[in-house]
Each structure stands twice: as structure tokens, then as C-alpha cells.
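Residue numbers (the numbering used here): -17 to 322.
Here it is, written out as C-alpha cells:
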């Protein structure tokens, strides 16, 4: 939904500035935020630039990279050069080679329906499920993350345990730590399920054909699914189940974790139906291999972290215990990337 709303806003700005360019000689240049979770601008920059609406690049683009990705993208001169080359190449390609034909009204209408349905499912879990805040604060290391000096502002706007008061970075960071990456995919499966299972069989077949066409022909939709695929590839339900054991209320734990697993199954099925690929990141084997090779180093950190968090919350106050939790948080974040 966040990506779709940005896309809609950019289309509106292009239309506005096309009028202003003629009457007031004002040109549009968008300032993008990059890095973090896929909902906040994470994912490959090259594909993201090519996925912009026609008329938003035109030879220039401005962006800021989150601090968490600076080291991995620019600390090594060769890698830094490669990333800058990708940005320049995408800007030139979006300006000179990409077709200027906008997405069809049917594509835009379908994307709006998916966004609305997805947001409804997401909000139903987060804000309308009784006990969800309790589950979140117990099943993720959010309280321990708040103690780390990893941002310029507190993790929460107020001293409460309300989801609404949390800032975006610790929210996404926490879901990455427990290996659910939930903001990057939750709700999409329900939205596609509604499109493909409601109505007559002929209508359902037509909708599936439309979704496949959107994936092939519309860079925005293809990039959206690609980023979701990446978020799913970094998730692990077995490890997430380990974190859910930190929730004291067994009934609450089962209710919410079961709901998340059900949505996971729907999302995986939706991606397979639209893309035709049964393996995660099948279209990006280099990234798939890179992520897969990190797991043997990251996965043990999760087991260590859960045990340390359990002891810490039980009242053990050893400074080494606290430092161990913080080191595990840093290690997992470094391995997963796209975390906050």
C-alpha cells in the first residue's frame, strides 16, 4: 500500500508540473528515500528507478540512502562505484530508453483494489486483533532494540506499548529480528486470494491473466513483487515460531501466529500463481545465493538471542547478558540487511 500510494502521488505530481512547466517554467525533481525495509524504500535501486511513473525522472533524480546501508554499499570503493554506476545507468535508461506510455487504467484500477484489500487485511491483524500489541512486544526484541543507540530518535513517540506510537524504523527492525519481515508481505496474499477466488470461474481466470500481464508489462508491479519476494526469502517461520514462544499467553500466541502463517501461505501461493516461479528469487539467482549463504551465520544468532532475551526478561541483570543481546541484534541486522 505504501508503494502504491507513492506511485499515485508521483503520477499526480507529474500531471501538475506538466501544467506548471508551460505556464511558470517549473521542472519536477523528486527526492526519494532509499534503504531499510521494502515498505520504506528498500530493495535494488536500479529496478526502483525503472519502476517510476513516466515523466518522473527525465535525466535527473535525487535520493538519500539510509545510514544502515552506507557501509555495505559504499565502504568498498569497487562496490561503491558499481552502485553509483547502477544509479546513473537506471536514470539514463528511464530517461532515454523506457517507453513513455503510462500504465493502463485497468492496471491502475486493479492495483488500487489490491492495495485497498491488502491494507484492510494488514490493519485487521495489527489494529483490530485483540492482544496483538502484547504479542508484538513479547515476541520481538523491540524493548531491547529501544535500548540500543541506533537512531536519532526514541523507538516510540510516547512511553506506551501502543503500535500507533512506534516509529517506522524500530517497527520494521523488530520484525526482521524475529525473521518474519511482516510489513514487507502481510496482506498481499489475502488481496490476491479475493481476486482469484471470488466471482465466477471465468472471472477468476480473467483476473489471473490480468495479474500475469501486469507482472510482465508493468515495471512498477514487477518491482513490487520482486521486493516482496526478497522479503519472503529472508523470512523463516521456524525461527519466527521460536520467538513466539516468548509470549507468555499460549492462547494469544497460537491465535496470532496461526493468522500470520495462514497469510504467509496465501502470499506464497499468490506469488507462484502470478510469476510462475515456485522458488524464492528465481529471477535473481545471485541475490538468492548471497542471502542463502548468510543463513548458516545468522540462524544460530537467533537461537542465542531468544535465550538471552528470555533470561534478561526473567530478571537477570548481568551486563554481559545485555551486551550479548545487543551484539546478536547487530549481527542479525548486518546479515539480513533491509531491516529498518
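Ideal Cβ placement from N, Cα and C applies to all residues, glycine included.
Assignment of residue 163 by DSSP, reduced to helix, strand and coil, places it in the coil class.
Counting along the chain, no beta strand (DSSP E) covers residue 86, and no H or E run does either. In the three-state scheme derived from DSSP, where H, G and I count as helix and E and B as strand, residue 158 is classed as helix. For residue 16, the secondary structure class from DSSP, reduced to helix, strand or coil, is strand. Taking the C-beta atoms as reference points, residue 244 is found no nearer than 8 Å to residue 174. In this structure, the CA atom of residue 275 is about 42 Å from the CA atom of residue -5.
If you draw a straight line from the Cα of residue 213 to the Cα of residue 25, it comes to about 9 Å. Bridge partners of residue 207 according to DSSP: none are assigned.
The continuous alpha helix (DSSP H) containing residue 309 extends over residues 301 to 318. Three or more Cβ pairs drawn from the stretch 164 to 180 and the stretch 103 to 121 lie within less than 8 Å of each other, which places the two stretches in contact.
Note that the C-beta distance between residue 99 and residue -14 is not below 8 Å. Annotation: the continuous beta strand (DSSP E) that includes residue 46 extends over 44 to 47.
Residue environment analysis places residue 287 among the buried positions, since at least 16 neighbouring C-beta atoms fall within 10 angstroms of its C-beta.
In the structure shown, the three-state DSSP call for residue -12 is helix.
For residue 158, the number of other beta carbons within 10 angstroms of its own is at least 16, and it is reported as buried. With 16 or more other CB atoms across the displayed protein chains lying within 10 angstroms of its CB, residue -8 is buried. By the beta-carbon neighbour count (other beta carbons within 10 angstroms, threshold 16), residue 59 is exposed.
Within the same chain, and ignoring the five residues on either side of residue 279 in sequence, the residues whose Cβ sits closer than 7 Å to its Cβ are 317. Between residue 150 and residue 124, the alpha-carbon positions lie close to 12 Å from each other.
Excluding its 5 nearest sequence neighbours in each direction, residue 218 has C-beta neighbours in its own chain below 6 Å: 161, listed in chain order.
Ranked by Cα distance from residue 11, the first of 0, 20 and 5 is 0. Taking a contact to require three or more Cβ pairs closer than 8 Å, the stretch 260 to 275 and the stretch 201 to 212 qualify as touching. The beta carbon of residue 77 is closer than 7 Å to those of 39, 40 and 41 in its chain, skipping five residues each way along the sequence.
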